[in-house]
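In the working numbering, the protein residues as written are 279 to 856.
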């Protein structure tokens with residue numbers, strides 16, 4: 279390299295980043311520190327609402343264990359740390375000791391995020407400790423401990439050697455850890471429920487291997503942990519809802535409780551279809567090919583028609599099973615849903631609004647007609663989803679939850695149909711998504727749009743839409759993430775160290791997020807702008823500052839990680855300042 283080229287490169291680095299001299303591992307350090315902040319916030323919350331220190335100690339132990347074992351894992355599997363090159367094509371970014379692990383390229387392990395984030399979603403929020411949430415907390419803690427024990431034992435050193443083998447010791451450890459965890463964190467638990475939930479948690483290592491091997495290249499380690507824990511937690515939740523009478527966790531009238539049962543049934547259908555079909559299809563011998571093959575490849579595929587038959591048959595079996603399960607607890611669920619819609623004008627108008635908006639977006643203004651860069655085209659759908667969910671602030675939360683879970687199920691069906699060469703789906707989805715996919719969608723399936731819906735609606739499933747916590751997901755992805763990307767792309771000058779994200783984009787997203795969430799809060803509670811509530815402004819500013827910093831430095835898909843992290847921090851700040 280000539281002297282002029284070196285000087286030119288130095289000038290470019292000086293103008294694009296204030297801290298270009300720092301190590302390329304600096305984003306990983308910031309990511310771990312941000313997770314540690316959420317853990318420390320929980321310590322303050324725990325001292326305020328908990329009588330014992332068991333939960334706080336378990337979260338701290340998980341955090342310290344992940345901090346310690348993350349370098350150990352990364353010596354075995356050499357993750358690509360340089361997140362500033364994430365716009366380039368990364369091949370074999372996961373190498374180590376002669377084997378390649380099938381994780382998503384250009385992403386670090388995210389072990390701390392994957393281990394600590396999910397248990398924090400189910401911590402207690404009041405003095406009357408929720409039984410169901412305590413069970414979910416215990417299950418997620420046991421799953422995190424299992425991952426750390428597997429890494430410490432060197433189990434992930436031979437990932438490629440156990441491609442089709444489910445290690446029995448992990449199943450046994452998962453069962454044993456679940457029993458111990460539930461016994462510690464849940465008081466007055468029935469033995470039958472204890473053993474049933476522990477048996478269900480044995481699916482966690484199975485789900486992990488399905489994410490890593492059957493859907494290779496689609497998940498980082500942290501994303502695989504979060505999705506696997508989500509599947510197990512949803513199954514445990516459905517079991518508890520089925521066996522337990524309505525308690526303080528779900529204080530609803532009969533009609534709304536029936537809608538909640540339907541949501542649980544569809545959630546169970548999602549878990550069975552996503553993990554079950556991925557496993558059966560991958561090991562049936564009909565391997566998927568490249569992600570971007572076109573119509574001619576599909577027409578010449580000898581497996582297209584046969585895959586379509588397998589696909590439709592599995593969907594029918596899945597739906598029949600879940601309908602029978604639901605019909606066992608709710609008589610004639612289709613009539614209950616129809617009567618609810620007929621007797622609710624808000625639900626009817628909301629459905630009409632959704633149909634009109636989706637027709638405009640899907641057919642009249644598709645993304646490939648937008649003459650913009652891909653990152654802006656992707657944020658176009660963030661805004662669309664925000665306006666889809668915006669009327670939910672004034673509609674029954676149970677109906678919104680049901681509709682969003684149905685939408686998630688349909689998206690998963692379409693995506694797995696595309697990945698398995700189902701006739702007519704693959705080329706249509708590839709053509710439509712051609713303007714939206716980027717370097718993160720080089721795996722077996724596209725996950726970013728599924729994460730977008732999941733991250734936006736998760737808070738709506740937990741809290742009423744008109745609350746700060748309920749609207750946090752759709753504001754974080756619909757407003758904050760969109761503003762951060764667009765403002766940083768067109769006006770950003772100074773990059774964060776080790777990343778391609780800009781400081782201008784980060785702070786503009788934080789500012790607009792605070793303003794948007796505060797205005798929506800005023801709209802919901804019918805307050806007046808004449809009297810500024812500085813308590814809420816402080817909470818929103820602190821939570822959005824931390825979440826936008828995580829969005830800037832993480833190499834995980836922000837549609838999944840950032841809204842969950844923001845929800846955790848916002849809830850803890852609300853409890854602390856009460």
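Positions of the beta carbon are idealized from the N, C-alpha and C atoms, including for glycine.
Environment of residue i [buried if 16+ CB atoms lie within 10 Å]
i           : result
residue 459 : buried
residue 431 : exposed
residue 704 : buried
residue 567 : In this prediction, residue 567 scores a pLDDT of 46, lower than 50, which makes its location untrustworthy; no coordinate-derived value is stated.
residue 841 : buried
residue 851 : buried
residue 702 : exposed
residue 346 : exposed
residue 710 : exposed
residue 811 : exposed
residue 476 : buried
residue 395 : buried
residue 616 : exposed
residue 604 : buried
residue 348 : buried
residue 540 : buried
residue 538 : buried
residue 382 : buried
residue 723 : buried
residue 621 : exposed
Own chain residues within Cβ distance below 7 Å of residue i, not counting five before or after
i           : result
residue 511 : 414, 417, 418
residue 422 : 340, 393, 397
residue 855 : 813, 817
residue 707 : 692, 696
residue 767 : 651, 653, 654
residue 678 : 670, 738, 743
residue 359 : Below a pLDDT of 50, predicted positions are generally treated as unreliable, and residue 359, at 37, falls in that range; the measurement from the model is reported next regardless. So the qualifying residues of the chain are 302, 303, 306, 386.
residue 821 : 844, 847, 848, 851
Residue i versus the options, residue with shortest Cα-Cα distance
i           : options            : result
residue 743 : 660, 671, 588      : 671
residue 665 : 654, 711, 734, 618 : 734
residue 544 : 556, 498, 598, 507 : 598
residue 506 : 521, 853, 487, 823 : 487
residue 470 : 429, 522, 450, 447 : 522
residue 424 : 723, 483, 461      : 483
residue 586 : 462, 698, 815      : 698
Whole-number beta carbon distance between residue j and residue i, since they are thought to touch under 8 Å
i           : j           : result
residue 551 : residue 690 : 7 Å
residue 931 : residue 763 : In the structure as shown, the chain starts at 279 and stops at 856, and residue 931 therefore has no counterpart that could be examined.
residue 737 : residue 751 : 4 Å
residue 350 : residue 412 : Wrong, their Cβ atoms sit about 31 Å apart, outside the cutoff.
residue 628 : residue 673 : 6 Å
Residue-chain proximity (residue i, chain D), Cβ-Cβ < 8 Å
i           : result
residue 666 : The structure shown contains no chain D, having only a single protein chain.
Inter-residue spacing [alpha-carbon to alpha-carbon] between residue i and residue j
i           : j           : result
residue 275 : residue 479 : A question about residue 275 goes unanswered here, because the residues of the chain that appear run from 279 up to 856.
residue 797 : residue 310 : 32 Å
residue 658 : residue 548 : 26 Å
residue 504 : residue 399 : 11 Å
residue 343 : residue 634 : 50 Å
residue 592 : residue 660 : 31 Å
residue 785 : residue 773 : 12 Å
residue 776 : residue 304 : 7 Å
residue 688 : residue 517 : 23 Å
residue 457 : residue 467 : 11 Å
residue 624 : residue 680 : 15 Å
residue 791 : residue 755 : 10 Å
residue 253 : residue 509 : No information on residue 253 is available, as it lies outside the stretch 279 to 856 that the chain covers here.
residue 843 : residue 747 : 12 Å
residue 827 : residue 307 : 12 Å
residue 717 : residue 614 : 44 Å
residue 333 : residue 771 : 43 Å
residue 481 : residue 427 : 17 Å
residue 720 : residue 686 : 21 Å
residue 410 : residue 641 : 43 Å
residue 590 : residue 728 : 21 Å
Own chain residues within Cβ distance below 6 Å of residue i, not counting five before or after
i           : result
residue 682 : 735
residue 492 : 556, 557, 560
residue 542 : 516, 519
residue 500 : 388, 391, 392, 834
residue 787 : 758, 761, 762, 826
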